């Protein structure tokens, strides 16, 4: 009888003590996934902004920043997608995804500093110095937004922390290049 009671108690402990619905909150996986998802949306919108500069005349410092930022955000999007998949989280549909052209809606939230479609379409109406000025202002705002979001990440996951540090460092370096 004691043995049966002991086994029953042990099983109950294992079933109820080791499984928890809030395990994501305890290990920070919800925070890390939310951060990586937000960064993907920011970086995808930033790539759309950078695409608007193709064929436009920009000051040398801005052109240099654009090429560096393009390489940085492309790598961060890949890293974010890989991390989300590794963590078992959904990889979001962004404004850069092919399906968006075919009616699939991106689940992009409004993020401070992130250029909107209206911002980018507004650039299409500009040329020369007007374009360069408006583009650079949008680029600075986007980089500021990324720097702020990355510096605010305070989760405990090392991979997400490295991603946040890289995003903050790279965005700040681009801002420094822009002057």
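Residue numbers (my numbering): 67 to 245.
Where is the CB? At the ideal position from N, CA and C, for every residue including glycine.
These numbers come from a predicted model, not from an experiment.
| query | result |
| --- | --- |
| Taking only three categories from DSSP, how would you classify residue 206? | helix |
| Going by beta-carbon coordinates alone, are residue 108 and residue 212 separated by less than 8 Å? | yes |
| Using 8 Å for Cβ pairs, my map puts residue 126 next to residue 243. What's the rounded Cβ distance? | Residue 126 to residue 243, Cβ: 10 Å. No contact. |
| When you compare only the Cα positions, how much space is there between residue 181 and residue 191? | 16 Å |
| Between the Cα of residue 224 and the Cα atoms of 104, 189, 149, which residue gives the shortest distance? | 149 |
| In the DSSP assignment, the alpha helix (DSSP H) including residue 122 goes from what residue to what residue? | Taken as a continuous stretch (DSSP letters only), residue 122 belongs to no alpha helix (DSSP H), as it is neither H nor E. |
| Residue 225 lies in the alpha helix (DSSP H); which residues open and close that run? | 224 to 244 |
| Entirely within the region 128 to 197 and at least 4 residues each: give me those alpha helix (DSSP H) ranges in chain order. | 183 to 190 |
| State whether the region 203 to 219 contacts the region 112 to 127, with contact taken as three or more CB pairs (one from each stretch) at a distance under 8 Å. | yes |
| Using a Cβ-Cβ cut-off of 7 Å (strictly less than) and excluding sequence neighbours within five positions of residue 143, which residues of its own chain qualify? | 106, 109, 110 |
| Roughly how many whole angstroms lie between the Cα atoms of residue 129 and residue 196? | 15 Å |
| So for residue 211, helix, strand or coil by DSSP? | helix |
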